[in-house]
Amino acid sequence: MFYKYLKIVSFTAISLTPIVLTYFLKKRYIMLMEQSQPPDSGNYEIIFTTIDHRNCKQHLYKKIACSESCSYNYLVTIVRFFESAKHSISLCMCISTFNEVHDALIRAHDRGVVVRFISDVEMLNITATKKERLRSAGISIKVQPDKSKILHHKFCLVDENYPDEAKLFFGSLNLTCQALTSNWDITVFTTNYETISRFREEFDYLWYSFNFL
Ligand SMILES: [Zn+2]
-12 MFYKYLKIVS
-2 FTAISLTPIV
8 LTYFLKKRYI
18 MLMEQSQPPD
28 SGNYEIIFTT
38 IDHRNCKQHL
48 YKKIACSESC
58 SYNYLVTIVR
68 FFESAKHSIS
78 LCMCISTFNE
88 VHDALIRAHD
98 RGVVVRFISD
108 VEMLNITATK
118 KERLRSAGIS
128 IKVQPDKSKI
138 LHHKFCLVDE
148 NYPDEAKLFF
158 GSLNLTCQAL
168 TSNWDITVFT
178 TNYETISRFR
188 EEFDYLWYSF
198 NFL
């Protein structure tokens, strides 16, 4: 009798073990997948510029928007992006010539935001006056050690160490009048922290690899 029960118990245990194991492994897998997802996947906003905006050059100078998609509104969006910074701005931009952008960086620096600016050394040399203005205002600028190589990135992080406040824009757009009015370009604005973290790693890598201007 005892052996009969033992046989039944053993048979049941052997039959159920894979089912129970599969159940718990599945549960563990789902838990790990949920943990690996960011709590908020964030928003994405995409802005395209086209050569149709070439007449908006005058609107940039006059600071008056001709329409919702006017290049001047685009510039205002970017300046507001900098103005929203509470802790840090990490700008990695091949070419940046807008006084409005540089003013926003200087204002951020003056209100205690840590501003780090990486740019292309040759492009900075072309706009030497603007570069000196930023430097004399106390903005830290770094450039690639090898002048024959081009720093071609276009992205900017704001408050990147604070997941609830962090934001990023990236794309093909240089911060120039030419890019805003006469090119086909794209900029993506996002609060997705997974993407932001990847850009933050890249910025930090470049910052520690590059030289102060
Ligand atoms: Zn316009």
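Residue numbers (our numbering): -12 to 200.
Where is the CB? At the ideal position from N, CA and C, for every residue including glycine.
All values reported here derive from a predicted model rather than from experimental measurement.
Integer-rounded CB distance, given that residue j should sit under 8 Å from residue i
i: Leu47; j: Leu62; result: 6 Å
i: Ser127; j: Ile38; result: So it is not a contact: roughly 35 Å between Cβ atoms.
i: Lys134; j: Val108; result: 5 Å
i: Cys43; j: Ser28; result: Actually they do not touch by this definition, with Cβ atoms about 33 Å apart.
Enclosing alpha helix (DSSP H) for residue i [first to last residue]
i: Ile173; result: No alpha helix (DSSP H) contains Ile173, which is instead part of the beta strand (DSSP E) from 172 to 177.
i: Tyr195; result: 180 to 196
i: Phe69; result: 58 to 70
i: Ser123; result: 115 to 123
i: His46; result: 44 to 49
Three-state secondary structure (DSSP) of residue i
i: Arg98; result: coil
i: Ser54; result: coil
i: Ser135; result: coil
i: Leu254; result: As displayed, the chain neither begins before -12 nor continues past 200, which places residue 254 out of reach and without an answer.
i: Phe200; result: In the sequence under discussion, the amino acid at residue 200 is Leu, which differs from the Phe named in the question. It is coil, neither helix nor strand.
i: Ser28; result: coil
N- and C-terminal bounds of the beta strand (DSSP E) containing residue i
i: Cys79; result: 75 to 80
i: Tyr31; result: 31 to 36
i: Ser127; result: 127 to 130
i: Phe142; result: 141 to 145
Proximity of residue i and residue j at Cβ, strictly below 8 Å
i: Glu147; j: Ser75; result: yes
i: Val145; j: Phe68; result: yes
i: Ile105; j: Trp194; result: yes
i: Leu167; j: Met80; result: no
i: Val175; j: Phe156; result: yes
i: Arg122; j: His89; result: no
i: Thr177; j: Asn30; result: yes
i: Val130; j: Leu160; result: no
i: His96; j: Ala52; result: no
i: Ile33; j: Ile173; result: yes
i: Tyr180; j: Ala153; result: yes
Cβ-based burial, residue i [other Cβ within 10 Å; buried from 16]
i: Phe199; result: exposed
i: Ile113; result: exposed
i: Ser83; result: buried
i: Ala91; result: buried
i: Thr116; result: exposed
i: Lys141; result: buried
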